[in-house]
Structure formats: structure tokens, C-alpha cells
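Residue numbers (my numbering), protein chains in the order written: chain C, 1 to 292; chain Z, 1001 to 1680.
Structure, rendered in C-alpha cells:
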């Protein structure tokens, strides 16, 4: 029996953030993610050069007081391009992740509640999709509809929502077995009512953690597409694209590869660490009740 | 008999955990416990009283997060908490055996019983390895398991709950323990199984001269196995004394209240509830912890914690007025439950209800393979308005299944459910109209599970109010407060969440939610079995008041015969999904009885030191009903012959709607029960 007064609903997310910051993984992870987000927003104003400005006299240069990270094969400032290189990726994946989470989560929870033949058919389709190597269907769609943010966003949201279905369904199954769902069914609530009021509040934790993990996967996927030439089109700067362009000159100007790799890795590591801390914080939240 | 030097000697033990704010919140306050060889001590208390913590501390173990603040735990002359982990591992399971509440979970599901017992022997038995197999068989024989050879080869899931509990006892005995710690070992078992296990434990304790610490919330169990009782209240010992004295004339008001809240088999009265709840860990307490709930409390009680004072008949009680405890409840009887008028209009009618869980596959259907007998079959019940029908039987008797069918959660294979106005109910929820759904409401066994932990009490009550009456905003809130008032909770509870409520409060919210629909029929599925006795009494009392105020009819399901007795107008005894006996409560609980009813009634434990249960049938668990004949044929102690195996027993009318389905004539059943020789 816990007698401590809990925080009102609005404060719960603040409390979770604070609890995450109290863990080393959460502190490091959230700091990294926050750093990247701030940089992405402010970079157009604080970047030292124009990302398109080429300097034919200074190609593949090493670090200098003017160009801290050197220049690339067209003489563009690497630091500028690294600072700006995450914007497109963060924008596309940042909108695609919630969309994937919402459609996959809702469908998964609904299937978990309904069961029966709908569930059976849907889950076999999910299995079929998961059996394909992730990048292949993406490439097919992009070749058909063309690349660019407006195509990439829904495509990524669709494909990355599929594994969410499975996770949400499993989480819903645990809740569906409980009596408060039976009680709601016996009262005669409509299935969508039950999903919204009884199931979703109980699977949000799982979905949040899943969402954070999906985000990092999606970032990797987006960068891989750019690397392959299907994502962001030049001359816009993007980490994946930069790695692809600079790898030929790696022995001459290693920073051209290392800088975007470090940027991408720190962001993904940051997200993963935050997801880890979030999972532990939420898990702890649940188990804390059973002290006596 | 009992050695005078204590084997377990716990002195002034304080145990606590660190709260979120960092302060130490005590769970046990200076508790003493002494147990000598050959002595068995019962530790009684409600949930949260620290009784399990105390018993586990005796083996030097504290649950995660708890720590010892002060005090000594001496076992066999040495402090347990000073032992090295290796030394503790040797003692635990060796000299000190533990039998946990749910042994099914304590056994490894992927290992055969034989392997698990041999592992215990390997760790704690001095015998050479070669003799372990024989020893394992001996142990199983000692715990009276039939056919030890076969059992050794089985996996835990192939055994019934009672058999699993016996295996746990056998494993505890493997190390030839000097002391046995039992943490609610029979809670959750059927009455007959519980009675058998308790007799076994009694005999073991006596023949092996072990010290036993028996933790239970059930005074009936304690009465049967323990020499002395120690009553814990909010982490403090409030009463200690010989079992007989404590049960006959307890010197502490709390113990007296606890005794009064236990429903009895004899008279049909509602047990008396203890109001209020004990202070939680860290809650400020001044003076006697029980004072806020005590009718005798005076200024002195609230000023300082009373010392342990000698009361009557060797009892020591933490009460300033040990002689006055009887003033509280006196000998006055509890209140009578509200009955219903005879021949009230019909509320619900079940005709030939039959339910199957098996679903024949395609090949079974093509082959025309015979289907197993239905899980529940031939249920005819007629529920009048304002009436309570009790369904009683062991686990697996189909009680809850019938409720689910009425609620529309499980479509019946055959039969009809009719409402009072002659409308036939569609089999499932999806087919029923909102008004039909509204009239039948269900309350579930465990409020932890039936209330959504993420919703506030207001949200929970809002669901039926919005669904059936379309109430919104302030109307909804006003009605919710009214409902909370009827279940004696009140407006301050609106914004709390289930996690902040005690077990009893949660169940009241569940009751309020059911009554929010304004139902005609309320289905109660074991609604008090997850609650403490004092809380159970309060919930029963509440239901009784609601029944009188709203003319609601109840179908009350329980495995506990005494609880069913307290509230029901008529009772149906179920075995394997078939009704064995049905009739007015007084008739069913009196003679003549169906042999199964007799078995159940005789196994009931009461908190009376002179009462011994009579063990009649074997406590084997059956998984499916027999294909033909009497459902009870395989366990019946008075089976009369082949006719029981082949013919469905006739329904014999014993007057006033009392029906017994047995091949044995009524007068013979009556004679057997009253102890006379049957007229053959």
C-alpha cells in the first residue's frame, strides 16, 4: 500500500525527466540529444560559412583557424556542413517516428484486444514484412515515387510502424487479460472506447520506449538511404551523404568522414541511452509500489 | 515436550525501509519472538502487519529494500545477521525450513520433482549420494503422497495445488530441519485440501519435535496447528498467549475485533466489521497504534504506547485495560442479513445452462470424435428480485464460469438466460442492448486487477455513468460523489488512483462502479477472498445494506462456505460444473446434505480450539467431470455402487425447495450425517 501522494497528471512527465537525469545513462543520453536538437535549430545562424560556398583554392584542406574541421573536395567548410547535416534527418525522422508510433501502436493494441481472424491475418502480414531486409522495400518505394522529405517521411513512418504493431500488440495482450478490461467489456463499451480508456494508458510506457528505439533505427535508415544516394539530394548537407562523398578522399582528409560519423553516432548513442534510462525509470516506477 | 531454551529468539527487532524522502520507515517495531523445540507459534495479523517479514527475519532474510534497524535475531545461540552468506545457505533449507505460500511458483517448472528433491538432499543431507533416491521416496511417503515413484517422475504442472504444497513440505523436510517457517502455506488452497495439509503439518511437528512458526491471517488455521499465538498489528506485537486462551477470551481489543469479524458456519449472521485501518509504515502514531479504531481508547491510550501487560489466562497484551476487552463486542450477535420476501418477482432465470471450453478442431469434427463432457452442465437457477443466491464449491467447480456466461463474456453451449421481464438475453455482450447490459453488473475477485491503475476513482466511476446515462461533467461528478457516499468513502476519494487505496477501499470502489449502473442483478465473483477478514466483514455489511436499499439480486460466488452462509438466501453447491445440492441456506448447511456438501462442511476450520475438521474424501483434484453418472463419483466417501458411475443421480426433494442430487435416500443421508448407523 503506497500512501505517498503522487504527482498530478501534468507533472508526471517532468518527474520522469528528472528521474532520467538522475541516472548516468539518462544524463549523458539526454544531454547528447538536447545538444543535437539545439544545434539543428540554431545552426543556420551560427554556422561560420555558407554551406554551398565553394573555394576551389582550398579543397581537402586540413584543420585551420578559419576551417576548424578542414574543407571537403569542393572546398566547402566541413564544420558548417556537419552542423547543418542533421537538420533534414532530424526533421524527417522526428515527424515520422510519432506517426509510426501512433498508427502501429493503435493497430497493435486494437488487434491485441480483438484477436480472432483479423489478428491472425494482420500478424502474418507483419511477419512477411519483417522477413524482408529493411532497406529493400524502402528503395523500391523511393525509386517509384522519388526521394525528398515529402516522400521519405510517410515511407519511413509506414515501414517503421510495422514492428511497432508487434510490440504494441504484445503489451496490449498483457493488459487485455486483466479484469478491468473484462469489466469494460461486460459493461458493453465499444472496442475503440476500451482501447482508448483502458488499454492505451497502460501501454504508453512500453510505446514510449519503443518509440525512442525506433527513432534511432530510423535515423540510421535515413542516413543509409542518403549514403546510397536516395535520401537528401545535393547540395543540401546531410551526414549520410557527406560520408558517402568524403570516403573516397579518406586518406587525404579523414576529418571529412570522421566528423559526420561522430555527429551521427553521438546522436544515435544519445537516443539509445535515453531510451534505456526511460525504460528503467518507467520500470522502476511500476515496481516501486511493491516495497512491503 | 517443549525444550525450555529457545531455538529461535528474536529480541526487540526493528526492520524498516528507506522511503522516497530518505527517512527510515519502520515495518516492525521492537518485536520479540521466542520459539522452543517442539513448540509451534502462530503469527496472526492483517496484510501489512509485518507478519511475513518477522517470520523471514527468523532465517536472517529480509525482502529487497528492507533493512534491520536494531535488535537481535538469535537462532540456536547465534545471531543470524552475523552469519556469512555460506553459513546462511547451509542453515537455510537445512536446519531451517521454509514453506512459502504459493509452492507452485517455488518449484522449477522445467525440472522433474525427483530432480528437485534430490537437489535439496544433495545440499542438505548427510546421507551418501546413493541413498538419496530411497530417501526421496521416504519423504514423499511422509507427506502422504500416494505412489511416490510416479510423482518423482512428474513435472510440477502435472500436480495439483495441494500436491505441490506437499512437495514443498517434503523438500523442507529433506534437510531434517529443527525449525520450520510456514508463510501462509494453505492460503489459496481448497478447504478440503487445506484441512488435509494442516493435519499433516500437525502430525509432522509432533513426531519430529520441530519448532514451527506459522504465519497466517486465518485464526481458524492457527487454532488447528499452534500452541501459542502472537498477534501483530501495524508492526507491533499486541497480544501473545496460549492459542486456547487467545481464541476463547482475547485480552486485546484488536484480537477480539478480529475474531468477531470471522464469519461462522452456525448462525446466519453478518460478521462484525472493524472500522478504520491500521497506520501504514511511517505514518505518525502516538500512543497505542490501535487507539484510533478502539472503542475503549482513553486519553492515556493516546499519550504513550502501552507496555505489554499480563492479562487473563497467561496472555500478555499491549493494552492498558486487558480486562475490559470483552466490553467491545461483548457476546452480542452480529446483525441478521436482509432476507427477501418469498415469491418476489423473477429477476433472472437460467434454464439448462451448459458451457464448454473445448473447441473441437477440424479433424475431430470430421472424424466425429466424442466430445468431452461439458465443463458446466444442466444449471437451472431462478433468482428472485432482492434475493441472494450463493454458489459454492472448490476451485474448478465452474462457479466463475457460470457468472461469466450470465455477464455475456462467455457464450453458453446450450441453455437460456432470461431476465425478469421474460426477455431472453442474447448469449454475448455484443448482441445485448445497453439496457440489458445495464441491468446485470459484475464485481470481480481482485480489485487490484479490476480497477485500471491509470484511472482516478472519478474516471472509473465515470465509465458506467457516461455509457448508460450519458452523464457528463458536473452531473457525472455529483453522481460519483453520491455513489462514493453509498459505499462509505466520500468525495475526497474522487481524485485518488487505485494504487493509493487499501484493498478494502478498492473493492468498495468496484462495488460503487457496479451500482453506478443501477443494476437489478449483481454478480459477485469471490469478491472478498483477496481481502483481510475485518475488511471482508465490512464489504459484506455494505452489500447487505445495498441489497436492502436497492432491492438488488445477487449471485454470490465463493469457495468459502462461511462467507456464502453469511449473506445468501439460497445456496447451490457445485461440483465439476454440476449442482449437487440446492436450497435455502439453512437447509443446505443442515442435515441432510449431499455427500460433497458434507465433505466441505466437515473440512471448514473455525477459530475454535476444540473444533477439529473431519477429513472424509481424499483431496485429489479432478480436471474434468466424469462422462456419465454422478459428478462426485470418484471422490465420494459414501459411494453406493456402480449406479453412481452410470446413472445421473435423481433430484430428491427434501422440502421447501431443498434439492439433493444423490442416489442415497434422504433419510439415510440424514442418518449418516448425524452420526447414527445408516439404516441398511
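We treat Cβ as the ideally placed atom computed from N, Cα and C, and that holds for glycine.
- CA-CA distance, residue 1225 (chain Z) to residue 1198 (chain Z), rounds to 7 Å.
- Going by C-alpha positions, residue 1527 (chain Z) is about 7 Å away from residue 1446 (chain Z).
- Around the beta carbon of residue 41 (chain C), a 10 Å sphere encloses fewer than 16 other beta carbons of the protein chains shown; the residue is thus reported as exposed.
- Taking a beta-carbon distance threshold of 8 Å, residue 119 (chain C) does not count as an interface residue toward chain Z.
- Measuring C-alpha to C-alpha distances from residue 1058 (chain Z) to each of Z:1019, Z:1471, Z:1639 and Z:1178 identifies Z:1178 as the nearest.
- Shown here for residue 224 (chain C): same chain residues with a beta carbon closer than 7 Å to its own, the five before and five after excluded, namely 135 and 240 in chain order.
- Taking each of C:258, C:58, C:120 and C:199 in turn and checking the Cα distance to residue 171 (chain C), the smallest one comes out for C:199.
- Taking a contact to require three or more Cβ pairs closer than 8 Å, the region 1063 to 1079 of chain Z and the region 1005 to 1014 of chain Z qualify as touching.
- Note on residue 1513 (chain Z): 16 or more other CB atoms within 10 angstroms of its CB, so buried under the neighbour-count rule.
- Of all residues in the region 1443 to 1463 of chain Z, those with a C-beta nearer than 8 Å to a C-beta of chain C are 1444, 1445, 1446, 1449, 1450, 1451, 1452, 1453, 1454, 1455, 1459 and 1463, reading in chain order.
- For residue 1657 (chain Z) and residue 1291 (chain Z), the gap between their C-alpha atoms comes out near 48 Å.
- Taking the Cα positions, residue 1639 (chain Z) is about 53 Å away from residue 1455 (chain Z).
- The three-state secondary structure of residue 1382 (chain Z), taken from DSSP, is strand.
- By the criterion of at least three beta-carbon pairs nearer than 8 Å, the region 67 to 81 of chain C is not in contact with the region 184 to 200 of chain C.
- Distance check between residue 79 (chain C) and each of C:88, C:64 and C:91 places C:64 closest, using alpha-carbon atoms only.
- Interface flag for residue 173 (chain C) against chain Z is unset, since no Cβ pair is found closer than 8 Å.
- Residue 1374 (chain Z) sits in coil when the DSSP states are folded into three classes, being neither helix nor strand.
- Not a single CB atom of chain C sits nearer than 8 Å to the CB of residue 1410 (chain Z).
- Relative to the Cα of residue 1149 (chain Z), the nearest Cα in the group Z:1161, Z:1162, Z:1135 and Z:1157 belongs to Z:1135.
- Those residues of the region 175 to 186 of chain C placed with their C-beta closer than 8 Å to a C-beta in chain Z are 178, 179, 180, 182, 183, 184, 185 and 186, ordered along the chain.
- At a cut-off of 8 Å between beta-carbon atoms, residue 105 (chain C) makes no contact with chain Z.
- At a Cβ-Cβ threshold of 8 Å, residue 1385 (chain Z) and residue 1339 (chain Z) do not count as neighbours.
- The C-beta of residue 1532 (chain Z) has 16 or more other C-beta atoms within 10 Å across all chains shown, which makes the residue buried.
- Under the DSSP definition of a beta bridge, residue 1573 (chain Z) partners with Z:1392 and Z:1581.
- Only residues of its own chain outside the window of five on either side were considered, and among them 96 and 99 have a CB closer than 8 Å to the CB of residue 154 (chain C), listed in chain order.
- Among the bridge pairs identified by DSSP, residue 1346 (chain Z) is matched with Z:1384.
- In the DSSP assignment, residue 1185 (chain Z) falls outside any alpha helix (DSSP H), carrying neither H nor E.
- Three or more pairs of CB atoms, one per stretch, sit closer than 8 Å, so the region 1177 to 1196 of chain Z contacts the region 1208 to 1224 of chain Z.
- About 5 Å separates the Cβ atoms of residue 1391 (chain Z) and residue 1399 (chain Z), confirming a contact at the 8 Å cut-off.
- Cα atoms of residue 1358 (chain Z) and residue 176 (chain C): separation of roughly 21 Å, rounded to the nearest angstrom.
- Per DSSP, reduced to three states, the secondary structure at residue 1172 (chain Z) is helical.
- Contact with chain Z is absent for residue 272 (chain C), since none of that chain's Cβ atoms lies less than 8 Å from the residue's Cβ.
- Here the alpha carbon of residue 1168 (chain Z) sits roughly 15 Å from the alpha carbon of residue 1212 (chain Z).
- Below the 9 Å Cβ cutoff, chain C contributes no neighbours of residue 1373 (chain Z), its closest Cβ being approximately 26 Å away.
- The Cβ-Cβ distance between residue 1229 (chain Z) and residue 1035 (chain Z) does not fall below 8 Å.
- Close to chain Z, meaning a Cβ-Cβ distance shorter than 9 Å, is no residue of the region 210 to 238 of chain C at all.
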